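Residue 869 is where the sequence shown starts when you use our numbering, and the numbers rise one by one after that.
A virtual CB, placed ideally from N, CA and C, is assigned to each residue, including glycine.
For clarity, every value in this text was computed on a predicted model and none was experimentally measured.
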Amino acid sequence: MKNIAISKNLEKKLENIAERTGLSREDLFMNAVVYYYETLRKKIDLKKELEAWEVASDRDLMRLGKSLS
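Structural data, given as structure tokens:
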């Protein structure tokens, strides 16, 4: 596993949360990374879907314009 550097302030906050939730520090970090990864993946998927809808919408508008000509 890779090591990352975090500030002492953040480290203290995370240790506090780990203690309060009963999670090990490693489990807390892993849960945080997985949550962040999933959040970003969903955001990327949504962006791709919105782009696909925009392309489809543009095509439909062009077809409509041709049919009204």
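Secondary structure at ALA920: helix, using DSSP grouped into helix, strand and coil. With contact defined as three or more Cβ pairs closer than 8 Å, the region 892 to 910 and the region 920 to 929 are not in contact. At a Cβ-Cβ threshold of 9 Å, ASN884 and LEU891 do not count as neighbours. No residue range can be given for ALA873, since it is assigned to no alpha helix (DSSP H) and is classified by DSSP as neither H nor E.
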